[in-house]
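Which chain is which? The protein sequence lines are B and P, in order. Quick note on the working numbering: the first sequence kicks off at 11 and runs consecutively. Quick note on the working numbering: the second sequence kicks off at 11 and runs consecutively. Input: a single structure, listed below in structure tokens.
2 protein chains.
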Amino acid sequence: MQEPLDVLIAKLASIGRLLPEYETAIRQLPIRVSQLDRGDDAVMEGQIMGHCCVVIEGLLQRHKHMQDGSRQILSFHPAGDIPDLQSLHLRKVDYTLSATTPTTIATIRHSDMQAMLRKHPGLTDLFWRDTLVDAAKFLTWMMLIGQASAEARMAHLFCEMFMRLKSVGTIDSFEFPFKVTQSDLADALGMSIVHANRTLQELRSAGLLIFASGQAEILDWPRLSELGQFDPAYLHLADE
Amino acid sequence: MQEPLDVLIAKLASIGRLLPEYETAIRQLPIRVSQLDRGDDAVMEGQIMGHCCVVIEGLLQRHKHMQDGSRQILSFHPAGDIPDLQSLHLRKVDYTLSATTPTTIATIRHSDMQAMLRKHPGLTDLFWRDTLVDAAKFLTWMMLIGQASAEARMAHLFCEMFMRLKSVGTIDSFEFPFKVTQSDLADALGMSIVHANRTLQELRSAGLLIFASGQAEILDWPRLSELGQFDPAYLHLADE
DNA sequence: CGTTCTTTTGACTTCAATCAATGAGAGTGG
DNA sequence: CCACTCTCATTGATTGAAGTCAAAAGAACG
Chain B
11 MQEPLDVLIA KLASIGRLLP EYETAIRQLP IRVSQLDRGD DAVMEGQIMG
61 HCCVVIEGLL QRHKHMQDGS RQILSFHPAG DIPDLQSLHL RKVDYTLSAT
111 TPTTIATIRH SDMQAMLRKH PGLTDLFWRD TLVDAAKFLT WMMLIGQASA
161 EARMAHLFCE MFMRLKSVGT IDSFEFPFKV TQSDLADALG MSIVHANRTL
211 QELRSAGLLI FASGQAEILD WPRLSELGQF DPAYLHLADE
Chain P
11 MQEPLDVLIA KLASIGRLLP EYETAIRQLP IRVSQLDRGD DAVMEGQIMG
61 HCCVVIEGLL QRHKHMQDGS RQILSFHPAG DIPDLQSLHL RKVDYTLSAT
111 TPTTIATIRH SDMQAMLRKH PGLTDLFWRD TLVDAAKFLT WMMLIGQASA
161 EARMAHLFCE MFMRLKSVGT IDSFEFPFKV TQSDLADALG MSIVHANRTL
211 QELRSAGLLI FASGQAEILD WPRLSELGQF DPAYLHLADE
């Protein structure tokens, strides 16, 4: 049977040991499901949160703006992620979460979440771990944005998305949907749209990756992950 | 009376509500104090940790290396920080912690930490919050490295260090020690040494900031924080 | 089909990296 | 106390990667 929070269960299982009783507790959480169109905000910078959200289907992006209007996309969140779990302890959020594609989310009240965590300290550890894995991704991205070439950054992003989608069972082949525009990629990787476009062309002509109209296909995983210096250790997946 | 973990108490108090009983519990933690010279590693990438460390005095830096040897400094950790608290749940670390200046650290066994947290769930929340504040800093830095000019990044770094040192009571004036080299600054901000040098010169000639031989002096806080687009909200300090 | 958004291309510019050398200062040892 | 060696800071010259500008060509959508 397909339930909304199945994706969350899969995600948590991918990063740690999920006991059956935890699974039961999670399934009993009261949720409110809602639908977002591309561009809609799930969470806005400065908001004081009383709930957090789980991505059920689609893709959210976390971003921040500079004064001059330029935008840095900080992370992408496919199904299973709880992108604003931090708000449980940092109630005033300092980023915006927007739908990159039409997206379904489930919101969970902090009070319900906290009641569950009080009852299951082991789940607290698992959720804590989830926020830490998130932070580990930020560290890796900081290094990439600071030090890596445009090609390496682009390659790395696709490697990471592939690995994350695979680890939660959303995909099982090297061809997968990744519904972002080149402008999104540019803002995520800290480069101009024009440069993102040319970088994608280079990867394509090198026979490593094809990305067109929201569909990615990794043609040569060994060389792509080599180029992107991709070592999945930072994702801290359970099965390694 | 001056005890090693006083700095940790001050740090925790700066980010949340620290009950007297928590303070007592922390003071009872068994610690092992050790001394590092500049360049010594406290934690090395790939290590499986059984303990974590508190900076008692001095400065640690977290960094990661690319294959070509280039280094990205991801964060600086002055007295009071627990830079590897994550290792409690992500035992294999994916970064290196090195002393930027001669530094004293106290190590705490995970088992002791966990015993304390089991006894005081409220402390768990506070430590969790600490790791979340860390992550919020990474987000802000990602945006800066990705989008901001060299001058803005440099300005922001000094604003942040000033604010953090002030919030834990280490300093109380605009002149403070920050024992890093220009090469460290360059690696932290994702720029070349030469460019870091020139950026510092620009800030100096603009009358905003003087940095020489490990000593920083902020000459014009309003203009420096304006230039660095520094909004301390992301530090999630308790008193705001 | 016209409108809008996204991708692609070419020309030009600029910021910042690299290269190369020099200074300045701290510490060491003869 | 003076060479000697380090590391760190500074400067100038040159190069190159990536940004900006501008426009055209596709796609997507009502």
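Idealized CB from N, CA, C, for every residue including glycine.
Proximity of residue i and residue j at Cβ, strictly below 7 Å
i	j	result
E55(P)	Y105(P)	yes
A165(B)	L234(B)	yes
H120(P)	L98(P)	yes
T111(B)	K189(B)	yes
V178(B)	G68(B)	no
Q71(P)	S108(P)	yes
R82(P)	Q157(B)	Per the sequence shown, residue 82(P) should be read as Gln rather than Arg. Yes, the Cβ-Cβ distance between Q82(P) and Q157(B) is below 7 Å.
M8(P)	V103(P)	The displayed coordinates of chain P run from 11 to 250. Any statement about residue 8(P) would go beyond what the structure contains.
D230(P)	L218(P)	yes
G238(P)	P187(P)	no
Those residues which DSSP pairs with residue i across a bridge
i	result
R81(P)	H75(P)
C62(B)	I118(B)
V43(B)	A116(B)
A109(B)	L70(B)
A222(P)	Q225(P)
V53(P)	L107(P)
H87(B)	L70(B)
Member of the options whose CA lies at the smallest distance from the CA of residue i
i	options	result
L18(B)	V204(B), S108(B), L136(B) and F172(B)	L136(B)
D316(P)	T113(P), I66(P) and D241(P)	Here chain P has residues from 11 to 250 only, and residue 316(P) is not among them.
I155(B)	Q225(B), M201(B) and S193(B)	M201(B)
H61(P)	G90(P), G26(P) and R101(P)	R101(P)
A196(B)	Q211(B), R81(B) and A206(B)	A206(B)
Q245(B)	R42(B), I41(B), G49(B) and R139(B)	The residue asked about is misnamed: residue 245(B) is Leu in this sequence, not Gln. The candidate whose alpha carbon is nearest that of L245(B) is R139(B).
A20(P)	M59(P), I66(P) and P40(P)	I66(P)
I41(B)	L15(B), D78(B) and A146(B)	L15(B)
I36(P)	R128(P), Q45(P), A216(P) and T180(P)	R128(P)
T34(B)	G49(B), R214(B) and M126(B)	M126(B)
H87(B)	I115(B), R214(B), D122(B) and E212(B)	I115(B)
P30(P)	Q57(P), G132(P) and T180(P)	G132(P)
A198(B)	D122(P), L149(P), S183(P) and T134(P)	L149(P)
I203(P)	S80(P), R27(P), G49(P) and D51(P)	S80(P)
K147(P)	Y32(P), C169(P), A222(P) and T180(P)	C169(P)
A226(B)	I181(B), A243(B), E236(B) and F240(B)	I181(B)
S183(P)	I220(P), I228(P), W151(P) and D194(P)	I228(P)
S159(P)	G49(P), E236(P) and R27(P)	E236(P)
W151(P)	R208(B), M76(B) and F221(B)	M76(B)
H10(B)	P242(B), G26(B) and Y32(B)	The shown model of chain B, from 11 to 250, leaves out residue 10(B), and the question about it has no answer.
A243(P)	Q57(B), D241(B) and D50(B)	Q57(B)
F221(P)	P232(P), D194(P), F240(P) and G49(P)	D194(P)
Presumed contact (8 Å Cβ cut-off) between residue i and residue j, rounded CB distance
i	j	result
V64(B)	I92(B)	5 Å
K74(B)	M153(P)	5 Å
L167(B)	Q192(B)	Actually they do not touch by this definition, with Cβ atoms about 12 Å apart.
S24(B)	L247(B)	6 Å
L39(B)	D122(B)	6 Å
L22(B)	T141(P)	L22(B) to T141(P), Cβ: 18 Å. No contact.
T117(B)	T134(P)	Their Cβ separation, rounded to whole angstroms, is 24 Å, which puts T117(B) and T134(P) out of contact at 8 Å.
Residue i: first and last residue of the uninterrupted alpha helix (DSSP H) it sits in
i	result
H243(P)	This sequence places Ala at residue 243(P); His is not what is there. First-last for A243(P): undefined, no H or E at that position.
E170(P)	A160 to S177
V204(P)	I203 to S215
A196(P)	Q192 to L199
S24(B)	D16 to I25
A146(P)	P131 to Q157
Delimiting residues of the beta strand (DSSP E) encompassing residue i
i	result
P30(B)	Looking at the DSSP string, P30(B) is not in any beta strand (DSSP E); the run it does join, the alpha helix (DSSP H), is P30 to R37.
F186(B)	E185 to P187
heavy atom of the ligand HEM below 6 Å from residue i C-beta
i	result
V65(B)	This structure lacks the ligand HEM, and indeed carries no ligand of any kind.
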